[in-house]
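Chains as they are written, first to last, in the UniProt record's numbering: chain A, 1 to 236; chain B, 1 to 236.
Note that the Cβ used here is the ideal one computed from N, Cα and C, for glycine as well.
Number of protein chains: 2
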Amino acid sequence: MSAKYQKIYQSLLDQIESKNIKAGEYLPSENELMKQYDASRDTIRKSLNLLLQNGYIQKVVGKGSVVLDADRIAFPVSGITSFKELKQTMSGDVKTIVHELQKFPADEKMKKELYMESGDVYKIVRIRTINNEKVILDTDYLNGNVVDGITEEIANDSLYDYIEQDLGLKISFSKKEITVIPATKEEKKLLDMLDYDLLVCVKSYSYLEDATLFEYTESKHRPDKFRFVDFARRMK
Amino acid sequence: MSAKYQKIYQSLLDQIESKNIKAGEYLPSENELMKQYDASRDTIRKSLNLLLQNGYIQKVVGKGSVVLDADRIAFPVSGITSFKELKQTMSGDVKTIVHELQKFPADEKMKKELYMESGDVYKIVRIRTINNEKVILDTDYLNGNVVDGITEEIANDSLYDYIEQDLGLKISFSKKEITVIPATKEEKKLLDMLDYDLLVCVKSYSYLEDATLFEYTESKHRPDKFRFVDFARRMK
DNA sequence: GAGTGGTCTAGACCACTTT
DNA sequence: AAGTGGTCTAGACCACTCG
Numbered sequence: 001m002s003a004k005y006q007k008i009y010q011s012l013l014d015q016i017e018s019k020n021i022k023a024g025e026y027l028p029s030e031n032e033l034m035k036q037y038d039a040s041r042d043t044i045r046k047s048l049n050l051l052l053q054n055g056y057i058q059k060v061v062g063k064g065s066v067v068l069d070a071d072r073i074a075f076p077v078s079g080i081t082s083f084k085e086l087k088q089t090m091s092g093d094v095k096t097i098v099h100e101l102q103k104f105p106a107d108e109k110m111k112k113e114l115y116m117e118s119g120d121v122y123k124i125v126r127i128r129t130i131n132n133e134k135v136i137l138d139t140d141y142l143n144g145n146v147v148d149g150i151t152e153e154i155a156n157d158s159l160y161d162y163i164e165q166d167l168g169l170k171i172s173f174s175k176k177e178i179t180v181i182p183a184t185k186e187e188k189k190l191l192d193m194l195d196y197d198l199l200v201c202v203k204s205y206s207y208l209e210d211a212t213l214f215e216y217t218e219s220k221h222r223p224d225k226f227r228f229v230d231f232a233r234r235m236k
Numbered sequence: 001m002s003a004k005y006q007k008i009y010q011s012l013l014d015q016i017e018s019k020n021i022k023a024g025e026y027l028p029s030e031n032e033l034m035k036q037y038d039a040s041r042d043t044i045r046k047s048l049n050l051l052l053q054n055g056y057i058q059k060v061v062g063k064g065s066v067v068l069d070a071d072r073i074a075f076p077v078s079g080i081t082s083f084k085e086l087k088q089t090m091s092g093d094v095k096t097i098v099h100e101l102q103k104f105p106a107d108e109k110m111k112k113e114l115y116m117e118s119g120d121v122y123k124i125v126r127i128r129t130i131n132n133e134k135v136i137l138d139t140d141y142l143n144g145n146v147v148d149g150i151t152e153e154i155a156n157d158s159l160y161d162y163i164e165q166d167l168g169l170k171i172s173f174s175k176k177e178i179t180v181i182p183a184t185k186e187e188k189k190l191l192d193m194l195d196y197d198l199l200v201c202v203k204s205y206s207y208l209e210d211a212t213l214f215e216y217t218e219s220k221h222r223p224d225k226f227r228f229v230d231f232a233r234r235m236k
């Protein structure tokens with residue numbers, strides 16, 4: 001986070017989020033920003049590109065960079081938000097129950113899902129409660145060759161913090177798939193399902209900076225507690 | 001699409017998609033690509049950035065750009081795919097039934113959703129069938145000050161083609177929200193709901209290049225026919 | 001005509017990986 | 001030591017919007 005363009009991005013973002021520059025207003029021109037931040041045009045443009053990609057501004061040729069209305073749909077779910085990070089944007093009292101934690105030699109399914117040839121796999125099953133209702137069931141499978149030393153405390157706190165801060169690995173990107181599936185008896189027993197028979201299933205593959213696949217997750221949400229927000233630019 | 005970096009992007013993408021360069025292999029280095037395409041490093045890097053953002057490659061410092069496994073999760077839903085575009089990636093026989101098409105002065109709800117002060121709004125209700133099953137209910141509201149002249153044929157074919165090709169407007173970005181909602185009696189009547197009581201609701205706000213909001217859509221999917229795929233890079 | 005963003009170029013230094 | 005990507009700079013021309 002020491003790069004100049006990232007600092008400028010953060011500085012501009014702060015001004016947008018604090019409503020110092022309001023939705024509908026224009027940012028200073030690239031020329032202006034060059035002077036303000038004592039940076040080259042290219043550096044400024046890198047900063048603006050980050051704002052652009054994350055849906056904070058829209059550039060209009062001949063006019064400038066307009067600030068968009070980020071409140072319209074609040075923006076909790078961008079990037080690879082882990083549950084702990086997500087939690088901070090959620091209302092209500094959120095807790096984690098570690099239901100299962102084991103380490104075992106990778107079976108066929110895991111070798112396939114995690115592209116492993118040998119070694120151990122961690123399986124972690126966690127139940128997430130919101131206001132004391134059990135509404136999310138997370139099952140993680142981790143490549144034990146990449147990540148090791150997972151304990152119940154870690155699983156109870158934050159896996160991502162452990163991987164990034166303690167192991168010093170860098171989580172880089174993920175692929176997610178969202179579908180709706182019937183709840184099994186087992187799942188109905190573990191969660192407070194009310195009258196629902198379906199679960200929203202988010203399958204997720206997470207990768208490190210060097211493109212190593214280290215985690216496969218199935219996150220099953222009670223339908224009424226599920227919400228996903230997306231910002232997308234058109235690519236033609 | 002005439003920019004040099006976009007052409008290089010497309011060229012590299014073709015090679016990746018045709019398996020000319022396979023997953024796990026490295027692209028030529030930036031230096032190599034500069035020579036191959038007779039371009040500056042900056043231009044090459046712009047092309048690679050597009051591949052990066054769309055999940056086709058991962059850059060590893062000191063090594064190069066690895067091609068990722070795009071097949072792992074197929075990638076139908078990136079950008080603002082309209083239904084017609086989506087259709088092409090779907091299996092099965094897909095049809096559209098225009099159920100309602102009207103134009104009326106914006107009421108309070110529409111003024112709020114579309115940020116209008118006055119003028120007309122189009123309301124279009126369409127039912128999408130897959131293999132003759134009615135599984136998706138799309139309701140579009142369009143700002144009549146921006147988009148005009150919509151007929152049943154257009155609604156039946158492709159709204160986006162009309163807006164982009166006939167009206168010459170440029171669709172630029174959208175915000176989407178995915179939730180699950182109970183199906184109303186009306187919706188149950190319009191769709192083939194089998195035993196399902198829930199619908200996946202995708203609310204979408206679509207904007208033009210100059211940041212004008214021109215469309216608000218509610219797309220309701222029968223749960224078993226819904227699938228959403230997402231690629232995300234971590235922003236810390 | 002002045003100002004805006006969009007694109008492209010050429011050159012430089014750094015931290016990192018590999019041999 | 002050589003090669004890689006990450007960052008930063010300076011200068012140029014274009015198409016576009018606005019007054």
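Around serine 82 of chain A, the same chain offers Tyr160 as residues with beta carbons nearer than 6 Å, after the five sequence neighbours per side are excluded.
Per the coordinates, the alpha-carbon of alanine 70 of chain A lies some 19 Å from the alpha-carbon of alanine 232 of chain B. Annotation for tyrosine 216 of chain B: the continuous beta strand (DSSP E) segment containing it runs 213 to 221.
By the beta-carbon neighbour count (other beta carbons within 10 angstroms, threshold 16), isoleucine 97 of chain B is exposed. Residues of chain B with a Cβ closer than 9 Å to the Cβ of isoleucine 178 of chain A are, in chain order, Ile178, Val200, Phe226, Arg227, Phe228, Val229 and Asp230. With a 10 Å radius around the Cβ and a threshold of 16 neighbouring Cβ atoms, leucine 199 of chain B comes out buried. Pairwise C-beta distances place the region 55 to 70 of chain A in contact with the region 20 to 29 of chain A, as three or more of them are shorter than 8 Å. Phenylalanine 104 of chain B counts as exposed, since fewer than 16 other C-beta atoms from the protein chains shown sit within 10 angstroms of its C-beta. Considered as a whole, the UniProt domain "HTH gntR-type" (2 to 70) of chain A harbours 57 to 60 and 64 to 67 as its complete beta strand (DSSP E) runs of no fewer than 3 residues, in chain order. Under the Cβ criterion of 8 Å, phenylalanine 173 of chain B is counted among the residues facing chain A. Under the 8 Å criterion on CB atoms, glycine 92 of chain A is classed as non-interfacial with respect to chain B. Within the region 127 to 161 of chain A, not one residue has a Cβ closer than 8 Å to any Cβ of chain B.
Closer than 8 Å to the CB of glycine 62 of chain B there is not a single CB belonging to chain A. The C-beta of aspartate 210 of chain A comes closer than 8 Å to at least one C-beta of chain B. As far as DSSP is concerned, lysine 225 of chain B takes part in no beta bridge.
Within chain B, no residue has its beta carbon less than 9 Å from that of glycine 119 of chain A; the closest one is some 19 Å off. In the DSSP secondary-structure assignment, threonine 139 of chain B is bridged to B/Val125 and B/Glu218.
Here the C-alpha atom of glutamate 218 of chain B lies approximately 28 Å from the C-alpha atom of lysine 22 of chain A.
Taking a Cβ-Cβ cut-off of 8 Å, proline 28 of chain B has no neighbours in chain A, whose nearest Cβ is about 17 Å from it. Minimum Cα-Cα distance from aspartate 192 of chain A among the listed residues A/Lys35, A/Ser174 and A/Leu137 corresponds to A/Leu137.
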